[in-house]
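Heads up, the sequence shown stops at 296 in the numbering used here, and the numbers go up one at a time, no gaps.
No residue lacks a Cβ here, since even glycine has one placed at the ideal position from N, Cα and C.
In what follows, a structure is listed as structure tokens, so that the remarks can point back to it.
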Amino acid sequence: MFVEQWKALSGRIHGLVRAAHLHAQYLVVRSSDSYGRARSLREQGLQIVIALEQFRDSFSHSLPPPAVDAINRCVCKDTDISVAKLLGDTTGTQETRQEQVWAALVMLASFETEMTFILSDVQVAIRARSERAFSHLQRLIVVDSAIREQWKIARKDGEVACEKRGAVHLLLHGIWAFKVGATGERTDLVYQQPAGELFSEQRYADGFVLTEWKVASSDDEAKSQFAAARAQAKRYAQGVLAGSELSTFRYAVVVSSRHINVPADVLEGAVIYRHINIAVDPETPSRARSSKEV
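Right, here's the structure in full:
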């Protein structure tokens, strides 16, 4: 998960900034830099820039957009001032180069503060839990024949049966899932009734997530069902639960027999509609590839 990798990167930045403070203390006593301390700081800073680029590329589809923007500003070489630009410029006098290193490290420390704030956002944690819950559900269906049979029955019974079973599974991961009622209010997936303000649920749920569940038998049907799920999710008119509701993502879930094609995320205004497929009788990856090659 990107949060754990960011902790390692954050620690590396903190360590480099501490080393820079130590270098500054030596300069107070002796102004010379006979052993290339500033050069070492520059080289380590450039290694961090490379690590940030790799981090961004590895998690480009899961990082919050503000985090990607912050990294891009830090590592961009085609701008007047950035960490990468300052550290990569070895022209000028020794005094100028050393000042560039200091400026880059100050910017890097500021960047670290911004990124840590962005990634500590409760929205990130709720989304990560939701994604893990869906992934766990699909893998559980693959490895547990009893669970697989239960989901086959639920799919035959229709979307309400899938909603109920899915909501109970998500709650295992601390996610209280709801759907949108006809008037745009929250509706409990298990009891199929208006959910109200969810005061008692806030005592045990880590996050509240809007989900719309559908059933499909083919790629064409799934495409229309995903669209229908998004349309229903757009009716949501109730205010966001303070701090504990995933407000930027809404999930359109289609339950099928085999895996079906899943559309890319759809951004509308400030909301991203994420598409999830749960296959209740999935093929193994090798068999799925073989069938596509025929």
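Same chain, Cβ closer than 6 Å to residue i, neighbours up to 5 away in sequence not counted
i, result
"Val192", "Lys166 and Ala169"
"Val103", "Ala40, Leu43 and Arg44"
"Ile128", "Gly209 and Leu248"
"Glu348", "No statement about residue 348 is possible, as the shown extent of the chain runs from 3 to 296 and does not include it."
"Ser132", "Ile177 and Val211"
For residue i, the three-state DSSP class (helix, strand or coil)
i, result
"Ala179", "strand"
"Val19", "helix"
"Tyr28", "helix"
"Ile73", "helix"
"Pro66", "coil"
"Arg129", "helix"
"Glu247", "strand"
"Phe4", "helix"
Residue i, enclosing beta strand (DSSP E) - first and last residue
i, result
"Thr189", "Arg188 to Asp190"
"Arg260", "Where Arg260 is concerned, there is no enclosing beta strand (DSSP E), given that its DSSP letter is neither H nor E."
"Lys216", "Gly209 to Val217"
"Leu269", "Val268 to Glu270"
Any non-hydrogen atom of the ligand ADP within 6 Å of residue i CB
i, result
"Glu6", "Questions concerning the ligand ADP fall outside what the structure shown contains, since it holds no ligand whatsoever."
Contacts around residue i, its chain only, beta-carbon distance under 8 Å, and the 5 residues preceding and following it disregarded
i, result
"Arg276", "Phe251, Arg252, Tyr253, Ala254 and Asp267"
"Ala72", "Phe113, Glu116, Met117 and Ile120"
"Arg14", "Ile50 and Ala53"
"Gln240", "Gly186, Glu187 and Arg188"
Assigned exposure category for residue i - 16 Cβ within 10 Å defines buried
i, result
"Glu247", "buried"
"Asn263", "exposed"
"Leu110", "buried"
"Tyr238", "buried"
"Pro196", "exposed"
"Gln27", "exposed"
"Ile83", "exposed"
"His171", "buried"
"Gln227", "buried"
Residue span of the alpha helix (DSSP H) that contains residue i, given as start and end
i, result
"Gly47", "Arg39 to Ser60"
"Phe119", "Gln96 to Leu121"
"Ile274", "No alpha helix (DSSP H) contains Ile274, which is instead part of the beta strand (DSSP E) from Val273 to Ala281."
"Cys299", "With the chain represented from 3 up to 296, any question about residue 299 goes unanswered, as that position is not in the structure."
"Phe228", "Asp221 to Ala235"
"Lys87", "Val85 to Gly90"
Close-in-space but distant-in-sequence residues of the same chain around residue i (CB under 7 Å, 5 per side omitted)
i, result
"Ala69", "Met117, Ile120 and Leu121"
"Gln7", "Phe57"
"Gln46", "Leu18"
"Ala10", "none"
"Arg260", "Ala281, Asp283, Pro284 and Glu285"
message = With three or more beta-carbon pairs closer than 8 Å as the criterion, would you say the stretch 219-237 touches the stretch 132-149?
response = Three or more beta-carbon pairs separated by less than 8 Å are not found between the stretch 219-237 and the stretch 132-149, which leaves the two stretches without contact.
inquiry  = If contact is defined by three or more beta carbon pairs under 8 Å, each pair taking one atom from either stretch, is the stretch 145-155 in contact with the stretch 186-201?
reply    = Contact fails between the stretch 186-201 and the stretch 145-155, because fewer than three Cβ pairs, one in each stretch, are under 8 Å apart.
inquiry  = Would you call the stretch 94-103 in contact with the stretch 152-164, where contact means no fewer than 3 C-beta pairs closer than 8 Å?
reply    = Result no; under three Cβ-Cβ pairs closer than 8 Å.
ask   = Is the stretch 199-219 touching the stretch 176-183, taking contact as three or more C-beta pairs under 8 Å?
value = A contact exists between the stretch 199-219 and the stretch 176-183.
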